[in-house]
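Peer 1: In the numbering used here, the protein residues as written are 962 to 1298.
Ideal Cβ placement from N, Cα and C applies to all residues, glycine included.
On a predicted model such as this, the values are computed, not experimentally measured, just so you know.
Below is the structure:
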């Protein structure tokens, strides 16, 4: 976790050092006039300097008045799904106040951690936390789930303060549900954990875990556009949420295939490459091709590549424009404990 700690006085620098030590590793910043050892100088104006840091870190801790922190970050706040956690700590370390990204960014958890280390009171103000209710966006962020719809996340958080919220899941739930959450498949507001584009409730907060593997094969010289066209077609026809894709996979003969590499890079997906021998160990029944076997030494690339590390084949080999694609689902379980 990349963390930046700001201080604006000598007393603040002392507290900032304690905060940095509690957090393990952090960059320290203070005005040049303080000549504080171990601190990099803040180049005025503060809002411009803080903005550059804001875009590079996971969390920012301001030791000083809340107003300083608010003015520093205000021009740079964009989206709670991507903004860093921002906290304010008073100079004497009496209070730790989460200011931004309390749930998804982890500011509330960081405030509690700092409070324990500094002997300070974490002043958490988010409604679900102060009422002791389940915070769905905090949990989703901790689990690495894609949150499809912040408006729906707000609707769920509001509903859970008033009564039980329904949960539908494509995956087995290991252990009890959190307080205020009950199973259900239809209703006005609910949470759906799925690899699919599935919205069973009037307002559905769809949470997508990265559990789908795409097996891809292609002719030499195939461009990223052709690969993308077939992949998008398959995702749409199978109802697979794009955020549920964890990675692509292929045979190691394609390790230097420019079009495949460019496509995966553009989507932000890692790509796993397997040898002929490894592909041969994949379990299941696959669509055989004598031509593919004569070229690669294995009867099917895309289905086997998708199934290595997966539990179930979702989409069998689909071909078009020199590209073959298959999709498989990894094993995953929902855990709230």
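#1: What are the boundary residues of the beta strand (DSSP E) that residue 1057 is part of?
#2: Work out the CA separation of residue 1118 and residue 973 for me, nearest whole Å.
#3: Under three-state DSSP, which class holds residue 1209?
#4: Applying the criterion that 16 or more other CB atoms from any shown protein chain within 10 Å of the CB defines a buried residue, is residue 1098 buried or exposed?
#5: Give a yes or no on contact between the segment 1064 to 1072 and the segment 1008 to 1021, applying the rule of three or more CB pairs nearer than 8 angstroms.
#6: Beta-carbon separation of residue 1168 and residue 1108 under 8 angstroms?
#7: Is it buried or exposed for residue 1044, if we count other Cβ within 10 angstroms and need 16 for buried?
#8: At the level of alpha carbons, what is the spacing between residue 1182 and residue 1283?
#9: Tell me the rounded alpha-carbon separation between residue 1185 and residue 1215.
#10: Write down every uninterrupted run of the beta strand (DSSP E) in the segment 1092 to 1134 whose length is 3 residues or greater and which is fully enclosed by it, in chain order.
#11: Can you give me the C-alpha to C-alpha distance between residue 971 and residue 1006, rounded to a whole angstrom?
#12: Quick check on the burial criterion: 16 or more other C-beta atoms within 10 angstroms. Buried or exposed for residue 969?
#13: Using the three-state DSSP reduction, which class does residue 1009 fall into: helix, strand or coil?
#14: Taking the DSSP output, what are the residues bridged to residue 1234?
#15: Where DSSP assigns a beta bridge to residue 992, which residues make up the other side?
#16: Along the chain, where does the alpha helix (DSSP H) that runs through residue 1219 open and close?
#17: Kindly identify the DSSP beta-bridge partner or partners of residue 1290.
#18: May I have the straight-line CA-CA distance separating residue 1051 from residue 1032, to the nearest angstrom?
#19: For the alpha helix (DSSP H) containing residue 1252, name the first residue and the last one.
#20: Using CA coordinates, which residue listed in 991, 1142 and 1161 is at the minimum distance from residue 1149?
#21: When the Cα atoms are used, what is the spatial distance from residue 1198 to residue 1279?
#22: How would you label residue 1264, buried or exposed, when you count the other beta carbons within 10 angstroms and need 16 or more for buried?
#23: On a Cα-Cα basis, can you pick out the residue from 1041, 1012, 1048 and 1040 that is closest to residue 984?
#24: State the beta-bridge partners of residue 1248 as determined by DSSP.
#25: Kindly list the residues whose CB is nearer than 8 angstroms to the CB of residue 1136, restricted to its own chain and excluding five residues on each side of it in sequence; keep chain order.
#26: Which stretch, first to last residue, makes up the alpha helix (DSSP H) that contains residue 1196?
#27: Just confirm the distance between the C-beta atoms of residue 1105 and residue 1203, as a whole number of angstroms; I'd bet it's less than 8 angstroms.
#28: What is the DSSP secondary structure of residue 1039, counted as helix, strand or coil?
#29: Relative to the alpha-carbon of residue 1029, which residue among 1041, 1039, 1040 and 1011 has its alpha-carbon at the smallest distance?
#30: Starting from residue 1048 and walking both ways along the beta strand (DSSP E), at which residues does that stretch end?
#31: Among 965, 993, 996 and 995, which has the Cα closest to the Cα of residue 982?
Peer 2: On the basis of the coordinates in this document:
#1: Residue mapping note: residue 1057 aligns to position 96 of the chain shown, counting from 1. Where residue 1057 is concerned, the enclosing beta strand (DSSP E) stretches over 1056 to 1061.
#2: Position 12 of the chain shown holds residue 973. Position 157 of the chain shown holds residue 1118. Cα to Cα, residue 973 sits roughly 36 angstroms from residue 1118.
#3: What you label residue 1209 is simply residue 248 of the chain shown in a count that begins at 1. Strand.
#4: Within the chain shown, the letter at position 137 stands for residue 1098. Buried.
#5: yes
#6: The residue labelled residue 1168 in the question sits at position 207 within the chain shown. The residue labelled residue 1108 in the question sits at position 147 within the chain shown. A contact, by the Cβ cut-off of 8 angstroms.
#7: Residue 1044 sits at position 83 when you count from the first residue of the chain shown. The residue in question, residue 1044, is buried, as its Cβ has 16 or more Cβ neighbours within 10 Å.
#8: Counting from one through the chain shown, the residue named residue 1182 turns up at place 221. Counting from one through the chain shown, the residue named residue 1283 turns up at place 322. The straight-line gap from Cα to Cα measures roughly 9 angstroms.
#9: Mapped onto the chain shown, residue 1185 falls at position 224. Mapped onto the chain shown, residue 1215 falls at position 254. Their backbone Cα atoms lie some 13 angstroms apart in a straight line.
#10: 1107 to 1109 and 1126 to 1130
#11: As a first step, residue 971 must be located in the chain shown, where it is residue number 10. As a first step, residue 1006 must be located in the chain shown, where it is residue number 45. One Cα belongs to residue 971, the other to residue 1006, and the distance between them is close to 20 angstroms.
#12: As a first step, residue 969 must be located in the chain shown, where it is residue number 8. With 16 or more other Cβ atoms within 10 Å, it is buried.
#13: Against the chain shown, residue 1009 aligns to sequence position 48. In the structure shown, residue 1009 adopts helical secondary structure according to DSSP, grouped into three states.
#14: Residue numbering aside, residue 1234 sits at position 273 when the chain shown is read from its first letter. Per DSSP, 1211.
#15: As a working mapping, residue 992 is identified with position 31 in the chain shown. Looking at the DSSP assignment, residue 992 forms a beta bridge with 1003.
#16: Mapped onto the chain shown, residue 1219 falls at position 258. Start and end: 1219 to 1228.
#17: On the chain shown, position 329 is the one that residue 1290 refers to. Paired residues: 1173 and 1273.
#18: Reading the chain shown from its first residue, position 90 is the one you call residue 1051. Reading the chain shown from its first residue, position 71 is the one you call residue 1032. Spanning the two alpha carbons is a distance of roughly 16 angstroms.
#19: Translated into the one-based positions of the chain shown, residue 1252 becomes position 291. Residue 1252 -> alpha helix (DSSP H) spans 1251 to 1257.
#20: Position 188 of the chain shown holds residue 1149. Residue 1149 has its Cα closest to that of 1161, out of 991, 1142 and 1161.
#21: As a working mapping, residue 1198 is identified with position 237 in the chain shown. As a working mapping, residue 1279 is identified with position 318 in the chain shown. Taking the straight line from one Cα to the other gives about 11 angstroms.
#22: In the chain shown, residue 1264 corresponds to position 303, counting from 1. Flag for residue 1264 reads buried.
#23: Sequence index remark: in the chain shown, residue 984 carries index 23 (1-based). The shortest Cα separation from residue 984 among 1041, 1012, 1048 and 1040 belongs to 1048.
#24: Locating residue 1248 in the chain shown gives position 287, counting from the first residue. According to DSSP, residue 1248 bridges with nothing at all.
#25: Residue numbering aside, residue 1136 sits at position 175 when the chain shown is read from its first letter. The beta carbon of residue 1136 lies closer than 8 angstroms to those of 1296, 1297 and 1298 in the same chain, with the five residues before and after it left out.
#26: The residue given as residue 1196 occupies position 235 in the chain shown. Its alpha helix (DSSP H) spans residues 1185 to 1199.
#27: For the purposes of this step, residue 1105 is taken as residue 144 along the chain shown, with counting starting at 1. For the purposes of this step, residue 1203 is taken as residue 242 along the chain shown, with counting starting at 1. So it is not a contact: roughly 15 angstroms between Cβ atoms.
#28: Locating residue 1039 in the chain shown gives position 78, counting from the first residue. Reduced to three states, the DSSP call for residue 1039 is coil.
#29: Here residue 1029 corresponds to residue number 68 of the chain shown, with the count starting at 1. Residue 1011 is the option with its Cα nearest to residue 1029.
#30: Reading the chain shown from its first residue, position 87 is the one you call residue 1048. Where residue 1048 is concerned, the enclosing beta strand (DSSP E) stretches over 1046 to 1050.
#31: Position 21 of the chain shown, counting from 1, holds the residue named residue 982. For the residues 965, 993, 996 and 995, the minimum Cα distance to residue 982 belongs to 965.
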